[in-house]
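Take a look at the structure set out below.
Protein chains: 2
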Amino acid sequence: MLCGLMKLYDMVKAPNPRRVRIFLAEKGIDVERQEVDIPSGQNRQPDYLTRVRRGVVPALELDDGTIIDESIAICRYFEALQPDPPLFGSDPLGIARIESWQRRIEFDGMINVAAIFRNTAPHFAERAAPGAAPNTAQIPAMAERGLSLLPGFWSLLDEQLADTPFIAGPNFSVADITGLVTVDFAKWVKQRIPDDAPNVQRWYEQVSARPSATA
Amino acid sequence: MLCGLMKLYDMVKAPNPRRVRIFLAEKGIDVERQEVDIPSGQNRQPDYLTRVRRGVVPALELDDGTIIDESIAICRYFEALQPDPPLFGSDPLGIARIESWQRRIEFDGMINVAAIFRNTAPHFAERAAPGAAPNTAQIPAMAERGLSLLPGFWSLLDEQLADTPFIAGPNFSVADITGLVTVDFAKWVKQRIPDDAPNVQRWYEQVSARPSATA
Numbered sequence: 001m002l003c004g005l006m007k008l009y010d011m012v013k014a015p016n017p018r019r020v021r022i023f024l025a026e027k028g029i030d031v032e033r034q035e036v037d038i039p040s041g042q043n044r045q046p047d048y049l050t051r052v053r054r055g056v057v058p059a060l061e062l063d064d065g066t067i068i069d070e071s072i073a074i075c076r077y078f079e080a081l082q083p084d085p086p087l088f089g090s091d092p093l094g095i096a097r098i099e100s101w102q103r104r105i106e107f108d109g110m111i112n113v114a115a116i117f118r119n120t121a122p123h124f125a126e127r128a129a130p131g132a133a134p135n136t137a138q139i140p141a142m143a144e145r146g147l148s149l150l151p152g153f154w155s156l157l158d159e160q161l162a163d164t165p166f167i168a169g170p171n172f173s174v175a176d177i178t179g180l181v182t183v184d185f186a187k188w189v190k191q192r193i194p195d196d197a198p199n200v201q202r203w204y205e206q207v208s209a210r211p212s213a214t215a
Numbered sequence: 001m002l003c004g005l006m007k008l009y010d011m012v013k014a015p016n017p018r019r020v021r022i023f024l025a026e027k028g029i030d031v032e033r034q035e036v037d038i039p040s041g042q043n044r045q046p047d048y049l050t051r052v053r054r055g056v057v058p059a060l061e062l063d064d065g066t067i068i069d070e071s072i073a074i075c076r077y078f079e080a081l082q083p084d085p086p087l088f089g090s091d092p093l094g095i096a097r098i099e100s101w102q103r104r105i106e107f108d109g110m111i112n113v114a115a116i117f118r119n120t121a122p123h124f125a126e127r128a129a130p131g132a133a134p135n136t137a138q139i140p141a142m143a144e145r146g147l148s149l150l151p152g153f154w155s156l157l158d159e160q161l162a163d164t165p166f167i168a169g170p171n172f173s174v175a176d177i178t179g180l181v182t183v184d185f186a187k188w189v190k191q192r193i194p195d196d197a198p199n200v201q202r203w204y205e206q207v208s209a210r211p212s213a214t215a
């Protein structure tokens, strides 16, 4: 499926846009993309903010100018347009499990990695809050808190993956996409899957080998 | 609809469980509830953690012991069981708009209010991270950051509500539930809808008057 009348504001290196690109690759959907460089502040320039009020990336622009931001909202738009393969579940329990895991990974994993990164990376020294937020100083203690909470995330995920091939059950889902992106994002702050999480390692090798992982 | 073979772990005063209760009230669904007192640490006791691994509230326990945590995942479970009235949208654009706003309110509003509250409330002095996370000291600078980011949230919401009766469009949705709960949660940290956000005030009065708001 080619969606020619929309545009995805993207940044190839950043974790959140990658969630959308992997999702689109799993669906076999092509969308026009425009690169936005966050480190140099391109997402805070007037021409971008005129389109994308919150200054976040990714954002999907529809042909009438409507903006959908938030990676998961963009993914849900495409899930509704093209339900197969279902990546958000198809029965009530499957839907709930996937949403539960997708959010657990965000709140226990991704947010902690982001807290470490945004509060330590030199080019975000005055931009520790994302998007169009006012200039915000880094808080080193937030990075330390993120580091102290990550072990709990790895063990939660490892327990789950002892019982299931994919994070939310027998099938690949958006929870695996958030998980994969979180593991790779963690490398930015020198955090890797610990040795005592072999189930996470097995799963990570498997999902990394899918063609969509290079999207 | 009465769902008798499941149980909702709830806390009447807390914001996240209230999201689920309002959602259920809008759907006309009754579920057995069990109160869990977070301030006294009941959610960190072994008997709760045996059931709800992350120690979070709310959590939904199904008749086979399956746990669904994360408020929005619980809401999605009930949306799939009983689609009417649709609170997560029904067409691709409506679904995407609701999810986009639901997450904008969480990330720009609710998380900042929570950052203020968890990093200042005396009874969370050593429990600044939620659920079963290890003891975590409060970070006063996080509360200050939350305070500095909230004005951007009010203005984002006010701009949107200048154009629409409800947050994500013409119909009441889960985005309004997250919004309502965020406004009331903000009062805990002495933050109120500012005078220069009349559209938020109009919307708040309207959604607060719905019978579900007392759930």
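Just so you know, the sequences run in chain order A and B.
Each residue of the first sequence is one higher than the last, beginning at 1 in the UniProt record's numbering.
Each residue of the second sequence is one higher than the last, beginning at 1 in the UniProt record's numbering.
Where a beta carbon is used, it is the ideal one built from N, C-alpha and C, also for glycine.
Owing to the predicted nature of the structure, the values given are computational and were not obtained by experimental measurement.
Beta-carbon proximity list for residue i, same chain, < 6 Å, skipping 5 on both sides
i                : result
Asp176 (chain B) : Phe166, Ile167, Val207
Phe124 (chain B) : Arg118
Gly126 (chain B) : Residue identity check: residue 126 (chain B) is Glu in the sequence provided, not Gly. Taken in chain order, the residues that qualify are Asn135.
Arg18 (chain B)  : Val181
Asn112 (chain B) : Gly146, Leu149, Leu150
Gln201 (chain A) : Ile193
Tyr186 (chain B) : In the sequence as displayed, the identity of residue 186 (chain B) is Ala instead of Tyr. Cβ within range, chain order: Val113.
Glu32 (chain B)  : Lys7
Ser155 (chain A) : none
Ile22 (chain A)  : Ile177, Ser212, Ala215
Candidates the options, of which the one nearest residue i by Cα
i                : options                                : result
Leu87 (chain B)  : B:Glu26, B:Val31, B:Val183             : B:Glu26
Pro85 (chain B)  : B:Leu24, B:Ile67, B:Val36              : B:Leu24
Leu157 (chain B) : B:Gly41, B:Asn43, B:Leu62, B:Trp101    : B:Trp101
Gly55 (chain A)  : A:Asp63, A:Leu62, A:Met11, A:Asn43     : A:Asn43
Ala215 (chain B) : B:Lys7, B:Ser90, B:Lys13               : B:Lys13
Gly94 (chain A)  : B:Gly94, B:Glu99, B:Glu144, B:Ile68    : B:Ile68
Ile98 (chain B)  : B:Thr164, B:Ala132, B:Tyr9             : B:Thr164
Thr120 (chain A) : A:Asp108, A:Ala133, A:Gln138, A:Met110 : A:Gln138
Ile152 (chain A) : A:Pro170, A:Asp196, A:Gln34, A:Pro140  : In the sequence as presented, Ile is not what sits at residue 152 (chain A); that position holds Gly. It is A:Asp196.
Ala213 (chain A) : A:Val189, A:Trp188, A:Phe172           : A:Phe172
Ala133 (chain A) : B:Ile116, B:Ala141, B:Ala133, B:Phe107 : B:Phe107
Glu159 (chain B) : B:Pro170, B:Glu32, B:Pro198            : B:Pro198
Pro170 (chain B) : B:Ser90, B:Arg76, B:Asp184             : B:Ser90
Ala96 (chain A)  : B:Arg103, B:Glu205, B:Arg76            : B:Arg76
Pro122 (chain B) : B:Asp184, B:Ser40, B:Arg210            : B:Ser40
7 Å CB neighbourhood of residue i in its chain, flanking five on each side removed
i                : result
Gln45 (chain A)  : none
Ser71 (chain A)  : Asn16, Arg19, Val20, Pro58
Ile105 (chain B) : Ala175, Thr178, Gly179, Thr182
Val52 (chain A)  : Tyr9, Ala59, Ile67, Asp69
Ile74 (chain A)  : Val20, Pro58, Leu60, Ile68
Glu35 (chain A)  : Asp10, Met11, Val12
Gly109 (chain B) : Phe153, Thr182
Ile116 (chain A) : Ala143, Gly146, Leu147, Val189
Ile38 (chain B)  : Met11, Ala14, Val57
Arg49 (chain A)  : Residue identity differs from the one stated: residue 49 (chain A) is Leu in this sequence, not Arg. Closer than 7 Å at Cβ, skipping near neighbours: Gly55, Ala132.
Glu205 (chain A) : none
Coarse secondary structure for residue i, derived from DSSP in three states
i                : result
Leu8 (chain A)   : strand
Thr136 (chain B) : strand
Gln45 (chain B)  : coil
Gln82 (chain A)  : coil
Ile38 (chain A)  : coil
Ala59 (chain A)  : strand
Val52 (chain A)  : coil
Glu70 (chain B)  : coil
Arg33 (chain A)  : strand
Ala115 (chain B) : helix
Arg103 (chain B) : helix
Gly65 (chain A)  : coil
Thr214 (chain B) : helix
Ser90 (chain B)  : coil
Gly109 (chain A) : helix
Lys27 (chain A)  : helix
Tyr96 (chain A)  : Looking at the sequence itself, residue 96 (chain A) is Ala, so the reference to Tyr does not match. In the structure shown, Ala96 (chain A) sits in a helix (DSSP, three-state: H, G or I).
Contact set for residue i: own chain, Cβ-Cβ below 8 Å, skip 5 residues either direction
i                : result
Asp63 (chain A)  : Leu5, Met6
Ala129 (chain A) : Arg118, Thr136
Arg191 (chain A) : Residue identity differs from the one stated: residue 191 (chain A) is Gln in this sequence, not Arg. Within the same chain, Gln191 (chain A) has close Cβ partners Val113, Ile116, Leu147, Leu150.
Ala162 (chain A) : Asn199
Contact set between residue i and chain D, taken where Cβ atoms lie within less than 9 Å
i                : result
Thr182 (chain B) : Absent here is chain D; the protein component of the structure consists of chains A and B.
Near the ligand FAD: residue i beta-carbon under 6 Å from a heavy atom
i                : result
Pro165 (chain A) : Ligands are entirely absent from the displayed structure, and the ligand FAD is therefore not among its contents.
>> Any C-beta of chain A within less than 7 Å: which residues of the region 104 to 123 of chain B qualify?
In response: With the criterion set as a beta carbon lying under 7 Å from some beta carbon of chain A, the members of the region 104 to 123 of chain B are Arg104, in sequence order.
>> Quick check on the DSSP output: what are the complete beta strand (DSSP E) runs of length 3 or more inside the region 126 to 202 of chain A, in order along the chain?
In response: none
>> Along the region 29 to 57 of chain A, where does the CB come closer than 8 Å to a CB of chain B? Name the residues.
In response: Arg53, Arg54
> For the region 144 to 168 of chain A, which residues have a beta carbon sitting closer than 8 Å to at least one beta carbon of chain B?
Replying inline: Under the 8 Å Cβ criterion, the region 144 to 168 of chain A contributes Arg145, Ser148, Leu149, Gly152, Leu156, Glu159.
> Looking at chain A, which residues of the region 5 to 22 of chain B have a Cβ within less than 8 Å of any of its Cβ atoms?
Replying inline: none
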